[in-house]
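Numbering-wise (the working numbering), the sequence shown opens with residue 2 and increments by one. Take a look at the structure set out below.
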Amino acid sequence: MENNNGSLVFTMPRIGEKAPEFKAVTTQGDINFPEQLAGSWVILFSHPADFTPVCTSEFITFAFLEEKFMKANCMLVGLSIDGIYSHIAWLRTIKEKIEYKGMKNVEVNFPLIEDITMEIATKYGMIQPGESSTKAVRAVFVIDPKGIIRTIIYYPLSLGRNFDELYRVVIALQTADNFSVATPADWQPGDDVIISPAGSCSAAKERMEGKDDLVCQDWFFCSKKLDKDKVLKSIIKD
Numbered sequence: 002m003e004n005n006n007g008s009l010v011f012t013m014p015r016i017g018e019k020a021p022e023f024k025a026v027t028t029q030g031d032i033n034f035p036e037q038l039a040g041s042w043v044i045l046f047s048h049p050a051d052f053t054p055v056c057t058s059e060f061i062t063f064a065f066l067e068e069k070f071m072k073a074n075c076m077l078v079g080l081s082i083d084g085i086y087s088h089i090a091w092l093r094t095i096k097e098k099i100e101y102k103g104m105k106n107v108e109v110n111f112p113l114i115e116d117i118t119m120e121i122a123t124k125y126g127m128i129q130p131g132e133s134s135t136k137a138v139r140a141v142f143v144i145d146p147k148g149i150i151r152t153i154i155y156y157p158l159s160l161g162r163n164f165d166e167l168y169r170v171v172i173a174l175q176t177a178d179n180f181s182v183a184t185p186a187d188w189q190p191g192d193d194v195i196i197s198p199a200g201s202c203s204a205a206k207e208r209m210e211g212k213d214d215l216v217c218q219d220w221f222f223c224s225k226k227l228d229k230d231k232v233l234k235s236i237i238k239d
């Protein structure tokens, strides 16, 4: 939509909505997002700028873990408001010169989007004026195979991301979808999962009587075991 000055204003996308569409140039060629990646989970993430140390540590880590994410049917797509030639030069520098936590000679093979007009960053609410009017914050959008936004995480410019948590999010979302459950605090594959609260008095009574192989501490708080191998077999592709 437009504001009173005639300029475009975008509301921030929300969980459960379709991911905003765009076409862009990337380090791996042109991309039509998210249509081109339909059928896969996607992590779309932004970083403030090329040739910055925190971003460099993150790209090395993401590139090192890319195969692990791909086995969970999750593609990685990066974005910053730098130009394509800056992206290429930075990624070459990462491979040729930078070592982080024992990871070196790391090649970034996932696409890094050029967004010098800030159009995409604006669509996704990646520009936070309180942090910077010219740099995208560390935003993370987890998008499902149907192009629906399922998780949104924002980090300030100074804070690097936790990649164990990002992978956990991808696995937990797929577990919730595959088994119609919810995952409690700090859940990891193999931990008990949460069952939705009973929708009627009779169902609540049955649960408290120990039926349906559930463990209920009260009518609204019921869990059950879900085998780790069963979870991972439903997600991980060799």
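Just so it is clear, CB atoms sit at the ideal spot from N, CA and C, and this is done for glycine as well.
query                                                                                                                                                              : result
Alpha helix (DSSP H) containing M76: first to last residue?                                                                                                        : Per DSSP, M76 belongs to no alpha helix (DSSP H); it is in the beta strand (DSSP E), 75-81.
Sort D239, K234, F111 by Cα distance to L38 and report the nearest one.                                                                                            : F111
The beta strand (DSSP E) spanning E115 covers which residue range?                                                                                                 : 113-115
Please look up how many angstroms separate the CB atoms of A50 and C56, rounded, as I've assumed it's under 8 Å.                                                   : 7 Å
Between F52, D219, T94, F23, which lies nearest to L45 when the distance is taken from Cα to Cα?                                                                   : F23
Taking the C-alpha atoms as reference points, what is the distance between V43 and C217?                                                                           : 35 Å
Which same chain residues end up closer than 7 Å to M1 when comparing Cβ atoms and leaving out the 5 residues on each side of it in sequence?                      : Because the chain spans 2 through 239 in this model, residue 1 falls outside it and cannot be assessed.
Starting from the Cα of I95, find the closest Cα among N106, K102, I85, G161 and give me that residue.                                                             : N106
Below 6 Å CB to CB, which residues in the same chain sit around E115 once its five sequence neighbours on both sides are set aside?                                : V26, G84, I85
Restricting to Cα atoms, I'd like to know which of P198, G17, V78 is closest to G30.                                                                               : V78
Spatial neighbours of E108 within its chain, please: CB distance less than 6 Å, with the 5 preceding and 5 following residues excluded, ordered by chain position. : K96
Using a Cβ-Cβ distance cut-off of 8 Å, determine whether W188 contacts chain C.                                                                                    : Given the protein chain composition of this structure (a single chain), no chain C is represented.
Cα-Cα, which of H88, N74, S181 is closest to L227?                                                                                                                 : S181
Helix, strand or coil, according to DSSP, for M13 in the structure here?                                                                                           : coil
For A59, count the other beta carbons within 10 Å of its own beta carbon; 16 or more makes it buried, fewer makes it exposed. Which is it?                         : The identity of residue 59 in the sequence shown is Glu, whereas the question assumes Ala. Burial call: buried.
Measure from the alpha carbon of K69 to the alpha carbon of each residue in L167, A177, I121, then state which is nearest.                                         : L167
Who are I150's beta bridge partners in DSSP?                                                                                                                       : I144
Along the alpha helix (DSSP H) that carries L66, what are the first and last residues, could you check?                                                            : 54-72
Mapping DSSP to helix, strand and coil, what is S8?                                                                                                                : Note on S8: pLDDT 48, under 50, position unreliable in the model; no value is reported.
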